[in-house]
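See structure below.
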Amino acid sequence: MLLPEEGSTGVAKDLEKYAGRTVMVIGTLTKEPNIYMQGPIMRVNSVMPVQSPTPASNGEENLAASIDSFTIAQPDLVIKGKNLARVEIWAVPTGTGVTEKDYTLLGQASKQAETGGQQVWTFPIPRVTILATEIFARGYDEQGRDASRVSLPVEGVTALNKALGTVSN
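Right, dumping it as structure tokens:
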């Protein structure tokens, strides 16, 4: 059984958004008691669609763009992925009734390296407290299509800013 990590609103929305599609789910299998079924519960940290490679016109494989990881490595946020043309960093603001139109674009990550099809992108961590409950990276392919979205594995204003090192005194 898949359940969003406690307090994770973005993951719940992604689980609903990608219903019926092939996805990659990152989370933790737990031994929590389950009244609905016998078996483990997976607390989900992130959900991303998986696209199968499709043959290109020249007979070579055209691999789908994707984000493989999104981590904090001071002084930057680090995004690792494949075949990405652009990576944006977004913040989900605090408050009730927040919808996608309320999200804040923090900026675009810069590609630092690409070897063997693997890319490394970075975005400098803002030095001010961020009033957001979640930060995620959204990747786009060469055609400008939304290819992947991965959230930092930290949620909530205090926990997020503590992990980023932006807690104001």
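For what it's worth, the working numbering labels the leading residue of the sequence shown as 11, then goes sequentially.
C-beta atoms are modelled at their ideal positions from N, C-alpha and C, and glycine is treated no differently.
Fair warning: this is a prediction, and the values are worked out from it, not measured in the lab.
- Secondary structure of Asp78 (DSSP, three-state): strand.
- Within the same chain, and ignoring the five residues on either side of Asp86 in sequence, the residues whose Cβ sits closer than 8 Å to its Cβ are Thr132, Phe133, Pro134 and Ile135.
- The Cβ neighbour count for Val54, taken over all protein chains shown within 10 Å, is at least 16; the residue is labelled buried.
- Taken through DSSP and simplified to helix, strand or coil, Glu124 comes out as strand.
- Under the DSSP assignment, Ala157 falls in the beta strand (DSSP E) whose first and last residues are Asp156 to Ser161.
- Between Gly105 and Val97, the CB-CB gap reaches or exceeds 9 Å.
- The C-alpha of Gly37 lies about 6 Å from the C-alpha of Met52.
- In the structure shown, Leu39 adopts extended strand secondary structure according to DSSP, grouped into three states.
- Judged by their CB atoms, Thr176 and Thr139 are nearer to each other than the 9 Å cut-off.
- Under the criterion of beta carbons closer than 8 Å, Ala157 and Gly149 qualify as touching, at roughly 5 Å.
- DSSP places Ala119 in the coil class of the three-state scheme, outside both helix and strand.
- Spanning the alpha carbons of Gln128 and Val35 requires a straight line of approximately 20 Å.
- DSSP places Ala95 in no beta strand (DSSP E); its state is neither H nor E.
- Per DSSP, the beta bridge partners of Glu144 are Val102.
- Within the DSSP bridge table, the entry for Ala83 names Asp86 as partners.
- Spanning the alpha carbons of Ala83 and Leu116 requires a straight line of approximately 17 Å.
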